[in-house]
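Numbering (the working numbering), first residue to last: 8 to 121. C-beta atoms are modelled at their ideal positions from N, C-alpha and C, and glycine is treated no differently. Everything numeric in this text was worked out from a predicted model, so none of it was measured.
Dropping the structure here:
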């Protein structure tokens, strides 16, 4: 939270007690949303809180104005996760053992240093 405060307000000094208050407010907000999402999850007889439960919790607690931004961030997170999975599977899909790839890499390093 302190890092976010510094990034958001780079030219502003924030008193320690004000920082602590912001941290406490964030903690309370997270508890509030997660408790409501947990109740929604339990009502739907699920065992895992999903993003939809969190979105429903925001709506039911009167934070509906945040939902569009939350959905955008959720989509960005999914996109990043998908790119990571694709990148990691590319290496697996090459069909070349890791030892062979390392040997080839060492050969390339040797050629460059010559």
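Inset, instruction - Determine the extent of the alpha helix (DSSP H) in which residue 116 is found, giving its start and end residues. - result: 105-120
Inset, instruction - Taking all protein chains shown into account, decide if residue 19 is buried (16 or more other Cβ within 10 angstroms of its Cβ) or exposed. - result: exposed
Legend entry - Span separating the alpha-carbon of residue 78 from that of residue 70: 13 Å
Inset, instruction - Determine the DSSP secondary structure at residue 17, reduced to helix, strand or coil. - result: coil
Inset, instruction - Apply the 10 Å Cβ neighbour rule to residue 61 and answer buried if 16 or more other Cβ atoms are within range, or exposed otherwise. - result: buried
Inset, instruction - State the DSSP-derived secondary structure class of residue 54, mapped to helix, strand or coil. - result: coil
Inset, instruction - Classify residue 103 as buried or exposed, calling it buried when 16 or more other Cβ atoms lie within 10 Å of its own Cβ. - result: exposed
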